[in-house]
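Just below is one structure, and these are the notes that go with it.
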Amino acid sequence: MPSANRYDITEWPVGDPTDDVGEVFNSIIADIKSRQTTDKPGAVIYIPPGDYRLRTQVLIDISFLRIEGSGHGFTSSSIRFNVPEGEWADLHELWPGGSRILVDIPVVDGAEESAGAAFYVHREGSPRISSVEFSNFCIDGLHFVSDGSGMHPENTYVNGKTGIHVAGANDSFRINGMGFVYLEHALTICNADALSIHDNFIAECGNCIELRGWGQASKITDNLIGAGFKGHSIYAENHGGLLITANNVFPRGASSVHLEGVTRSNISNNRLHSFYPGMVVLAENSSENLVASNHFLRDLEPWTPFLGIDNGLDDLTGLLSISGSNNTIVGNHFSEVIDSRHIRPVGATPTIIRLVSGGANFVSTNHVVAVDVHATSGGSAYEAQVEALLATRVSDDLAVSTVTVDAGSAGNTILDSGTDAQVAMNRSVNAFRATPTFGP
Amino acid sequence: MPSANRYDITEWPVGDPTDDVGEVFNSIIADIKSRQTTDKPGAVIYIPPGDYRLRTQVLIDISFLRIEGSGHGFTSSSIRFNVPEGEWADLHELWPGGSRILVDIPVVDGAEESAGAAFYVHREGSPRISSVEFSNFCIDGLHFVSDGSGMHPENTYVNGKTGIHVAGANDSFRINGMGFVYLEHALTICNADALSIHDNFIAECGNCIELRGWGQASKITDNLIGAGFKGHSIYAENHGGLLITANNVFPRGASSVHLEGVTRSNISNNRLHSFYPGMVVLAENSSENLVASNHFLRDLEPWTPFLGIDNGLDDLTGLLSISGSNNTIVGNHFSEVIDSRHIRPVGATPTIIRLVSGGANFVSTNHVVAVDVHATSGGSAYEAQVEALLATRVSDDLAVSTVTVDAGSAGNTILDSGTDAQVAMNRSVNAFRATPTFGP
Amino acid sequence: MPSANRYDITEWPVGDPTDDVGEVFNSIIADIKSRQTTDKPGAVIYIPPGDYRLRTQVLIDISFLRIEGSGHGFTSSSIRFNVPEGEWADLHELWPGGSRILVDIPVVDGAEESAGAAFYVHREGSPRISSVEFSNFCIDGLHFVSDGSGMHPENTYVNGKTGIHVAGANDSFRINGMGFVYLEHALTICNADALSIHDNFIAECGNCIELRGWGQASKITDNLIGAGFKGHSIYAENHGGLLITANNVFPRGASSVHLEGVTRSNISNNRLHSFYPGMVVLAENSSENLVASNHFLRDLEPWTPFLGIDNGLDDLTGLLSISGSNNTIVGNHFSEVIDSRHIRPVGATPTIIRLVSGGANFVSTNHVVAVDVHATSGGSAYEAQVEALLATRVSDDLAVSTVTVDAGSAGNTILDSGTDAQVAMNRSVNAFRATPTFGP
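Residue numbers (this note's numbering), protein chains in the order written: chain A, 869 to 1308; chain B, 869 to 1308; chain C, 869 to 1308.
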């Protein structure tokens, strides 16, 4: 019966989903496989709203499996963990919700990173595993742990847990409408083809989206994303034809978008916000990419628990750093809002766009706004941040290098992206047209 | 039992959803709250396709609630109400459909605006209410009423009704796949953080999306939107880091996008169509925003019932008007298609981009097309409009000021956005490069 | 009872959905109509995961119908059909899956194209049929057939089958989360108003999205799309106010986006990849459109079964070809990666942007990368392609005409889109500013 391809984890007679939903999932998947012969028509596993503890990793090695819930359930664990525990009794609720998977897998020191994944997807052979879909539920890593730094353990972004780990080549996967919170790695996908990561809420995770190995023709679109200070909000390596667009990437990731060896991709039309330099990094000969119509904002960490934290990069790094060739950088807005007393190296002129190596990049029609502010902070995560975001009036202009081209990069064309004084490069090996100014 | 967190309004034993679905919702929400202790895992309320009259306001004060239906159900009430009632018997159907909430709340003169909301969301205390989701159903305000102007009451866009009103601070809400029709305010959300309004159909409402109070890190993406002539299609105030992208905003809103005190936001890649000036307004020191890759079209109202209606603004207002600083305006297309006999003030040269106050804005690589047409109209809303949209051939060029910078705005940079003759500003306090021309 | 508006095709007592799901659908639709009087509140038909053979065309002539499944189910049939059949026994699965409709309609020689449609939507009279939604299921055309060329029949992209054919004027339709595979026409929609085609997977079809007749205010957003070599990935005619954005369009369509008589539309922010010239075509006086922030890549077919296939256009066609006026072409990246030994006509300088007829177009700030490579290929569709995509290092620069303006087009403005040597046009009737160069 086709309708037998629908499963509800709370109606499945094997296991208790509130005690170990991993066991229930694996039992359902075994049932699906036992009924499939040459026809493998797919199945859907439904997670009703509720809390489900996951003690056993879910192993997915079948195509056409959809796992869906009825609520992404994100709420800020970070804010709660930075409220004194004595005040918890006054809180309306303590934890994320929706259709919520509580990742409670034992994490063994020295184990493979993927051993800490709630959902582990892998299949050998041909064809590649296809059309696995995750939709509209919550994966919650529950707690971070001490990293030895003396920082509050719940603020470390470390716990060895992953939400979804896809280990091998895959085709036409979809991740839609999900919530991820308090995982060291939210979503790690190796060797993706025609992947769609769309309209998710992925925040307060060590790393949010990591596309590893290699891949092509995928999209990361229309997500709300914000990693921790040690990791990436969006990371991809050896991908071609990747489309990263319409994302709102908020702090405090070490980077907003970090690409290694990524080619012929389109990173456009995002809103990117960070507290550190190195917001968008095109590394390892990332070439022939378009970076267009993005809004970059770097300002200061306004929330008390994270004051003094950074990603280790100095102000010469650039908000956008490029090691590669033939990229196109057009129509971006950059706001750099920092406290000049804390510039590193001391006395340096901060850089906004930096071309490190490669060459023949085309940088045109970018607008840089740089202001010097005196840092303030507050105990409320969102009030402090909204105030900082809206404060555009009381500040002084800050001198910056809008574009810096290193000796290792040549043959670039830099147009209308800074005045003559704002662009630092060898004009005999790069083409240049200064943004016009007025007055005498 | 976790599965008890699923509710179907037609299977709930309290109240009759066809008589007053508000009573049914409130009874279900009371049940959810009575069963929640410290664990508040969320719930989903399902609205099957059908008509449900709402006489009592639904009060939502719990996180992790998803309300979902099976159909956005939009159909044009405006077209129907402008068909002679004697012809209604020949119509296939008279009303919107899908999973449809008929908003029939009594509206009391002088009551708070929010009293007319079908869904009213508010909770005091901490944490902020989170993860409330509305998905894939229809909210229909049924009728507009006389506004005293003598206009056909069903064309006034006034009835005191709101679809969803979120009154206080909130986090990670989602509004997806909804339909809104014939409401004075479709969606009003105060103090939003990480809000997603995605892929909805919001039209024939007085105002469509209003983000009030303050907020941050939200997105309004991939919607079909069209407000009435008195209101806004998209309005936001005191928001930072807002992403407004991939929307198709059609007439006849008084504005397409109206921002007050909005900073560091990205308004890019939209298709915007209006019958009036003042399509996109950055007011009240809206600063450091990016307005890129948008298609602006202003043309003439083609539909008979609304001939002679406008938003009161004259042709010097600009299609894009900016009161603020450090904004970036790049790569936009503007089509102004009007009848020169009706320009206001008489004899004026219409303005396309106007910088009113503030300064240091960067305006580059914008293309303006302006043509003079003789107005025509028709009795069929969509045939008249499609014909007008497609008629690009028979028309004369119209002289416009592509960029006008007022004395109150200085330090701006205007590049490649108009010929020398088309840009009106003080060139001694603003930088300028004219779009090149050809010929002698 | 409102809840009676929900149908599950596997629970409907009439017909066997595994034998002929078309009969089941039509029986359900007849039931919906028999129960509707003046109130037509809509209905949802659910397709559980599974295989459902469709032998009878489904006729939809009611508004507010939602058909939804639980899985888009795409997997590559093309890859499987190019594996020797003797190896099929080693494959994990042979066919697409999810909630899968197997289109097995008899195709009669000489019949109307629409006769081969699985879902045929049409209604005469007023109002226009509204709010029909297709969501999250798979439509599989199963096989292509011989086209008389001697090519492997499964590689012809011909079979006379269509997924969804909407024959008449319609309003507020939605196509979301669907999978389409091995159909000659995936989605053909005539006379659309406020249509949304969002987040679908449409590949290995002769043509993917075709908007015919006329239409307005629609959007094609955030899809993964790839047509066959004879057809279009995205086609539209006589549309105004169309928004085509955030799509990842992969090979091997004869075009990525082909527009005829399309006006005042926004084609921005897409990632486009093709093996042939003529990737984006604005034909038949398509005017006042914006083409911005798109990433164009044309490279060589790397997969053995399709070597030697092309769309018949030569290298003077341009990757972007414009017959129309007042269009805006800004901020695009173009990569042309071809083998100079195979340029047609022999000895020609390939063209990237070509303005054929019309005039007054504005072309600014576009970046062209052109490299000469020696073609290689492989037997694995995705490995060969990923390797080609990532190979940006070993190649020689290729001389191209970045912009060519024909004598039939005048009054254009070409800025920063090529050096003086790279732009071929009559500079006395078009405005020009060369991209600056460096050195002596």
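All C-beta atoms in this analysis are idealised placements derived from N, C-alpha and C, irrespective of residue type, glycine included. Bear in mind that the values here come from a model prediction, so they are computed numbers and not experimental data.
- The beta carbon of V1236 (chain A) sits closer than 6 Å to the beta carbons of F1202, I1220, T1270 from its chain, once the five residues preceding and following it are set aside; these are given in chain order.
- For Q925 (chain B), there is no enclosing beta strand (DSSP E), since its DSSP letter is neither H nor E.
- For K1098 (chain A), there is no enclosing beta strand (DSSP E), as DSSP marks it with neither H nor E.
- Residue state for T1244 (chain A) is assigned as coil, using DSSP reduced to three classes.
- Proximity of K1087 (chain A) to chain C, defined by a Cβ-Cβ separation below 8 Å, is satisfied.
- At least one C-beta of chain B is nearer than 8 Å to the C-beta of D1090 (chain A).
- Of all residues in the stretch 1269-1294 of chain C, only T1281, L1283 come within less than 7 Å of chain B when Cβ atoms are compared, listed by chain position.
- For P909 (chain A), the residues of chain C that pass the 7 Å Cβ criterion are P917, G918, D919, G965, R968, in the order they occur in the chain.
- Among the residues of the stretch 1040-1068 of chain A, those with a Cβ less than 7 Å away from any Cβ of chain B are D1067, in the order of the chain.
- Here E1169 (chain C) carries a coil assignment [DSSP, helix/strand/coil].
- Residue environment for P952 (chain B): exposed (fewer than 16 other C-beta atoms within 10 angstroms of its C-beta).
- Of all residues in the stretch 1235-1251 of chain A, those with a C-beta nearer than 7 Å to a C-beta of chain B are H1235, V1237, Y1250, reading in chain order.
- For S1017 (chain C), no alpha helix (DSSP H) run applies, since DSSP gives it neither H nor E.
- Under the three-pair Cβ rule at 8 Å, the stretch 952-963 of chain C does not count as touching the stretch 909-926 of chain B.
- In the DSSP secondary-structure assignment, Q1084 (chain B) is bridged to B:D1061, B:G1108.
- Of all alpha-carbon atoms in C:G1279, C:I928, C:I969, C:T924, the one lying nearest the alpha-carbon of H940 (chain C) is that of C:I969.
- Rounded to the nearest angstrom, the gap between the Cα atoms of N1116 (chain C) and G1146 (chain A) is 27 Å.
- Residue contact with chain B for T1196 (chain A): absent (no Cβ-Cβ distance below 8 Å to any residue of chain B).
- Taking the beta carbon of W1082 (chain B) as reference, the chain A residues within 8 Å of it are V1254, L1258, listed in sequence order.
- Scanning the stretch 1178-1265 of chain A for uninterrupted alpha helix (DSSP H) segments of 4 residues or longer gives 1249-1258, listed from N- to C-terminal end.
- Contact holds between the stretch 1242-1255 of chain B and the stretch 1156-1176 of chain B, because three or more Cβ pairs, one in each stretch, are under 8 Å apart.
- Close CB contacts of A1104 (chain A) within its chain, under the 7 Å cut and outside five residues either way in sequence, are with L1079, L1110, L1127, V1130 (chain order).
- Residues of the stretch 1109-1141 of chain A with a C-beta atom less than 7 Å from some C-beta of chain B are A1114, N1116, F1118, N1137, R1139, H1141, listed in chain order.
- When Cβ-Cβ separations below 8 Å define contact, A1071 (chain A) makes no contact with chain C.
- Within the stretch 893-921 of chain C, the runs of beta strand (DSSP E) at least 3 residues long that lie entirely inside it are, in chain order, 911-915.
- Residue-level contact check: F1300 (chain A) touches chain C, since one or more beta carbons of chain C fall below 8 Å from its beta carbon.
- Taking C-beta atoms as the reference points, N1038 (chain C) and A1060 (chain C) count as a pair closer than 8 Å.
- Residue burial is scored here from C-beta neighbours: D1288 (chain C) has fewer than 16 other C-beta atoms within 10 angstroms and is therefore classed as exposed.
- Under the 8 Å criterion on CB atoms, F893 (chain C) is classed as non-interfacial with respect to chain A.
- Contact of T1305 (chain A) with chain B is assigned, a C-beta pair being separated by under 8 Å.
- Taking the beta carbon of E1156 (chain B) as reference, the chain A residues within 8 Å of it are L1165, H1201, S1203, V1237, T1260, listed in sequence order.
- Assignment of A1071 (chain A) by DSSP, reduced to helix, strand and coil, places it in the strand class.
- A buried status is given to P995 (chain A), since no fewer than 16 other beta-carbon atoms sit within 10 Å of its beta-carbon.
- L1258 (chain A) and L1150 (chain A) have their C-alpha atoms roughly 30 Å apart.
- Scanning its chain for C-beta atoms nearer than 6 Å, with the 5 sequence neighbours on each side dropped, one finds around S1064 (chain A) the residues R1042, K1087, in chain order.
- DSSP, reduced to helix, strand and coil, places N1157 (chain A) outside both helices and strands of the structure shown, so it counts as coil.
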